[in-house]
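Notes follow the structure.
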Amino acid sequence: MRTFDGQSSTNYSRTRPMYPAELYYWLSQQVNSTGVVWDCACGTGQASVDLAAYFEQVEASDISESQVTAATPHRKVNYQVCPAEKTHYPDNYFDVVCVAHALHWFDLKEFWEELRRVLKPGGVFVCWGYNWLQVGEAEDKAITESVLPLLAPYWPPQSRLLWNQYNDIEFPFELMDVPAFELNCYWSVTQTLEFIRSWSASQLRIQDRGDDFLLDASPILREVWSEPNQKQEIHLPFFVRAGRVL
19 MRTFDGQSST NYSRTRPMYP AELYYWLSQQ VNSTGVVWDC ACGTGQASVD
69 LAAYFEQVEA SDISESQVTA ATPHRKVNYQ VCPAEKTHYP DNYFDVVCVA
119 HALHWFDLKE FWEELRRVLK PGGVFVCWGY NWLQVGEAED KAITESVLPL
169 LAPYWPPQSR LLWNQYNDIE FPFELMDVPA FELNCYWSVT QTLEFIRSWS
219 ASQLRIQDRG DDFLLDASPI LREVWSEPNQ KQEIHLPFFV RAGRVL
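All residue numbers for the sequence shown refer to our numbering, where the first residue is 19 and numbers rise by one.
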């Protein structure tokens, strides 16, 4: 599904948060070899470049050519365009396979087959994501009342898997115990609104009716922003699922 092809890949990269460094360190400690990792559905490479600090080689792929074209270059990262469910990677190739905030878009039956093919025996699969955002009581109330009702008809059904932190997904392996990780950002009102713009439902509504809903929400959110014209801490509820594929 190419929900994000309609928006600027540069905007997507700029507005999406970076993931906790502690997650990558923890992941590197779960395998005997930190040789090759696959960042599947890499988008513009937010996770790919950070993985390169802990792994010798990063293969990064995405179905969206525009996202890959805009990806951050790195000498240890090899980008390519291909679907998650069908790749040209060798059998038993990867020590780790990662999916950052994208598993809900996959054809899972086909992806699990591809995962078993390309992951080394004993290798680790890990996926993660976040849902919504938490700013403060007044700010959250403004977003809930002025934005979310207008997006309700536009959420793809796959988003519900993300909202429930992938608990509705049947993983074909036993899940590992994973530490809790925090995902926090410091954003201005403008950055927060641009993040909301990048949501799949926002993109579908913009394609259908334009972005007036964001323009209308802007003064409402600015009025209740606790520190006018200042950045403040944003909390993104974050979860990780991981398992060792034997």
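Backbone N, C-alpha and C define an ideal beta-carbon position, used for all residues, glycine too.
Predicted, not measured: the structure shown is a model, and the values here were computed from it.
Spatial distance of residue i from residue j (CA atoms)
i           : j           : result
residue 158 : residue 150 : 10 Å
residue 139 : residue 193 : 16 Å
residue 130 : residue 102 : 10 Å
residue 24  : residue 171 : Caution is warranted here: a pLDDT of 47 is assigned to residue 24, below 50, making its placement in the model unreliable, and no coordinate value can be reported.
residue 67  : residue 205 : 22 Å
residue 55  : residue 137 : 9 Å
residue 105 : residue 57  : 12 Å
residue 173 : residue 98  : 28 Å
residue 73  : residue 167 : 43 Å
residue 213 : residue 128 : 31 Å
residue 341 : residue 100 : Any property of residue 341 remains undetermined from this structure, which presents the chain solely from 19 to 264.
residue 20  : residue 71  : Here the model assigns residue 20 a pLDDT of 47, short of 50, so the residue's position is not dependable, and the following value carries that caveat. So the two alpha carbons sit approximately 29 Å from each other.
residue 42  : residue 231 : 37 Å
residue 156 : residue 123 : 32 Å
residue 179 : residue 185 : 7 Å
residue 237 : residue 82  : 34 Å
residue 187 : residue 51  : 28 Å
residue 35  : residue 234 : 24 Å
residue 219 : residue 163 : 16 Å
residue 224 : residue 46  : 40 Å
residue 228 : residue 217 : 14 Å
Where residue i sits in the DSSP three-state scheme
i           : result
residue 195 : coil
residue 3   : Outside the modelled stretch of the chain, which goes from 19 to 264, sits residue 3, for which no answer is possible.
residue 165 : coil
residue 176 : coil
residue 159 : helix
residue 95  : strand
residue 137 : strand
residue 264 : coil
residue 88  : coil
residue 37  : coil
residue 131 : helix
residue 122 : helix
residue 183 : coil
residue 3   : Only positions 19 to 264 of the chain appear in this structure, which leaves residue 3 out of reach.
residue 229 : coil
residue 102 : coil
residue 213 : helix
C-beta contact flag for residue i and residue j at 8 Å
i           : j           : result
residue 198 : residue 116 : no
residue 256 : residue 201 : yes
residue 141 : residue 112 : yes
residue 5   : residue 250 : Because residue 5 is not part of the residues shown, which for the chain are 19 to 264, the question remains open.
residue 143 : residue 59  : no
residue 207 : residue 239 : yes
residue 203 : residue 264 : no
residue 89  : residue 63  : yes
residue 242 : residue 196 : no
residue 33  : residue 248 : no
Closest Cα partner of residue i within the set the options
i           : options            : result
residue 93  : 84, 85, 105, 76    : 76
residue 262 : 190, 214, 167, 181 : 190
residue 121 : 155, 207, 235, 177 : 177
residue 95  : 87, 110, 78        : 78
residue 109 : 132, 124, 118, 186 : 132
residue 61  : 155, 223, 221, 118 : 118
residue 69  : 107, 87, 85, 114   : 114
residue 183 : 145, 245, 134      : 145
Residue i beta carbon near the ligand ADP (any heavy atom closer than 7 Å)
i           : result
residue 129 : With respect to the ligand ADP, the structure offers nothing, as it holds no ligand at all.
Opposing strand residues paired with residue i [DSSP bridges]
i           : result
residue 145 : 117, 259
residue 251 : 204
residue 56  : 77, 115
residue 72  : Residue 72 is not bridged to any residue.
residue 152 : 253
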